[in-house]
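Here the protein sequences line up with chains A and B, keeping their order. Residue 76 in numbering that gives the first Met the number 0 sits at position 77 of the first sequence, with consecutive numbering throughout. Residue 5 in numbering that gives the first Met the number 0 sits at position 6 of the second sequence, with consecutive numbering throughout. Read the structure below first, then the notes.
There are 2 protein chains.
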Amino acid sequence: MITQTSEYALRVVAYLATVDNQIARRSDIAESVQVSVAYLTKVLRDLEAAGIVQVKRGPNGGYSLLKSPDALSVYDVVSAVEQLQRIQKCPLGIVDHQKLCPLHDSLDHAAALVEQHFKETTIAELLPKRNSAKGCKFPRQS
Amino acid sequence: MITQTSEYALRVVAYLATVDNQIARRSDIAESVQVSVAYLTKVLRDLEAAGIVQVKRGPNGGYSLLKSPDALSVYDVVSAVEQLQRIQKCPLGIVDHQKLCPLHDSLDHAAALVEQHFKETTIAELLPKRNSAKGCKFPRQS
Chain A
0 MITQTSEYAL RVVAYLATVD NQIARRSDIA ESVQVSVAYL TKVLRDLEAA
50 GIVQVKRGPN GGYSLLKSPD ALSVYDVVSA VEQLQRIQKC PLGIVDHQKL
100 CPLHDSLDHA AALVEQHFKE TTIAELLPKR NSAKGCKFPR QS
Chain B
0 MITQTSEYAL RVVAYLATVD NQIARRSDIA ESVQVSVAYL TKVLRDLEAA
50 GIVQVKRGPN GGYSLLKSPD ALSVYDVVSA VEQLQRIQKC PLGIVDHQKL
100 CPLHDSLDHA AALVEQHFKE TTIAELLPKR NSAKGCKFPR QS
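Dropping the structure here:
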């Protein structure tokens, strides 16, 4: 439904959201989100270009979030690394089609449901609740 | 969101639904749904294995739907050619995780929305309305 790159981008942003205003080293991010440094570098570049993370260069440098997790949606992060598929025009390329057929209208509706969910979900909502029951507590095991 | 194979499978089934109880030749299906005969053969084999279409072999042979379009969902057709992605367990493979973290729970919720929409939509609903306003009327231009 989303690409592996989007999955990594979301993990990266969720991880950065847990370190508040601190700067995270690339190697620490890579270890936490389980991605190679080479792949992570590409993801971080896209997130930086979208204005979601900022980089501080140098020996004590690293990455931090530019926006509050409350003000950042899943849609914002996913859109930074891929274009979510919507069906704007007939995939069969038939001339003179002014609107989608029921088949493609239905497929586009499914895509719209995903898009809406991603727009309504903030990164803050993706962070593990403190003192929650035992379970997956990515990005931080507390 | 769905694979190209699923898109073709839906086009094939929608096309067959418009020819009622007649048998459609493979070349006619290929032309209508804009797919190569080689690719179509793979899709038809999967649909046959799933009990959605039946084949009549021989010089006057071809393909027809085994189920009424009213009794066939988009989910049935898509599931015949691909496995829709749901997140059953932590993609990070962290040991001792008993439930998904909020991030993956949210992504799985988006997948569930798509799955539900596909289960609730029948092939009959994907067919163009007769006498509808000018627009895309795949699979039949009336």
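Positions of the beta carbon are idealized from the N, C-alpha and C atoms, including for glycine.
Check the Cβ of residue i against every Cβ in chain B and list those closer than 7 Å, keeping chain order.
i, result
"Leu9/A", "Leu102"
"Thr120/A", "Ser105"
"Leu65/A", "Here the premise fails: no neighbours, minimum Cβ distance about 20 Å."
"Gln33/A", "Leu91"
"Val76/A", "Per Cβ cutoff of 7 Å: no residues; Val76/A is ~11 Å from chain B at best."
"Val18/A", "Ordered by position in chain B, no residue passes the 7 Å Cβ test against Val18/A, which lies about 16 Å from the chain."
Our contact map puts residue i next to residue j with C-beta atoms below 8 Å; I'd like the distance itself, whole angstroms only.
i, j, result
"Leu83/B", "Val52/B", "Not quite, the Cβ-Cβ distance comes to about 20 Å (not below 8 Å), so this is no contact."
"Phe137/A", "Leu102/B", "6 Å"
"Val11/B", "Val36/B", "Not really, about 12 Å apart at Cβ, beyond 8 Å."
"Phe117/A", "Val54/A", "Between Val54/A and Phe117/A the Cβ distance is about 25 Å, and since that is not below 8 Å, they are no contact."
"Gln33/A", "Leu91/B", "5 Å"
"Leu39/A", "Ala29/A", "5 Å"
"Val76/A", "Ile1/A", "At roughly 10 Å, the Cβ-Cβ gap does not stay under 8 Å, so Val76/A and Ile1/A are not in contact."
Quick one: list the residues of chain A neighbouring residue i, beta-carbon separation under 7 Å, in chain order.
i, result
"Pro127/B", "Cys100, Pro101"
Does DSSP classify residue i as helix, strand or coil?
i, result
"Lys128/B", "coil"
"Lys66/A", "coil"
"Ser72/A", "strand"
"Val11/B", "helix"
"Gln87/A", "coil"
"Val49/B", "The sequence shown places Ala at residue 49/B, not Val. The answer is coil: DSSP assigns Ala49/B none of H, G, I, E or B."
"Ser141/A", "Interpretation of Ser141/A is limited by its pLDDT of 46, a score under 50 that renders its predicted location unreliable; the figure taken from the coordinates is listed afterwards. DSSP places Ser141/A in coil when its eight states are reduced to three."
"Thr17/A", "helix"
"Val34/A", "coil"
"Thr121/B", "strand"
"Lys98/B", "coil"
"Thr4/B", "helix"
"His116/B", "helix"
At a Cβ threshold of 7 Å, is residue i touching chain D?
i, result
"Val113/B", "Considering every chain present, this structure includes no chain D. Its protein chains are A and B."
Which residues in chain A sit within 8 Å of residue i, going by Cβ to Cβ distance?
i, result
"Glu124/B", "Pro101, Ser105"
"Gln84/B", "Met0"
"Gln21/B", "The premise fails here: Gln21/B is roughly 20 Å from chain A at the closest Cβ pair, so nothing lies under 8 Å."
"Glu6/B", "Pro90, Leu106"
Counting only Cβ pairs nearer than 9 Å, list the residues of chain A close to residue i.
i, result
"Ala30/B", "Strictly speaking, residue 30/B in this sequence is Glu, with Ala absent from that position. The contacting residues do not exist; Glu30/B stays about 11 Å from chain A at best."
"Ala110/B", "Met0, Val113"
"Ala48/B", "The premise fails here: Ala48/B is roughly 22 Å from chain A at the closest Cβ pair, so nothing lies under 9 Å."
Strictly below 9 Å CB to CB, what residues from chain B border residue i?
i, result
"His79/A", "In the sequence on display, residue 79/A carries Ala and not His. Near Ala79/A there are no residues of chain B at all, since even the closest Cβ is about 16 Å away, more than 9 Å."
Output, in chain order, the set of chain B residues within a Cβ distance shorter than 8 Å of residue i.
i, result
"Val143/A", "Examination of residue 143/A is not possible in this model, given that chain A is present from 0 through 141 alone."
"Ala70/A", "By Cβ distance, chain B contributes nothing, its closest Cβ being about 17 Å from Ala70/A, past 8 Å."
* Asked: Do the stretch 115-124 of chain A and the stretch 67-74 of chain A make contact, defined as three or more Cβ pairs closer than 8 Å?
  -> yes
* **Touching by the beta-carbon criterion (3+ pairs, under 8 Å), the stretch 82-89 of chain B and the stretch 104-119 of chain A** => no
* Using 8 Å as the Cβ pair cut-off and three pairs as the minimum, do the stretch 47-64 of chain B and the stretch 20-33 of chain B touch? -> yes
* To do: Using a Cβ-Cβ cut-off of less than 8 Å, list which residues of the stretch 34-46 of chain A approach chain B; keep chain order.
  => none
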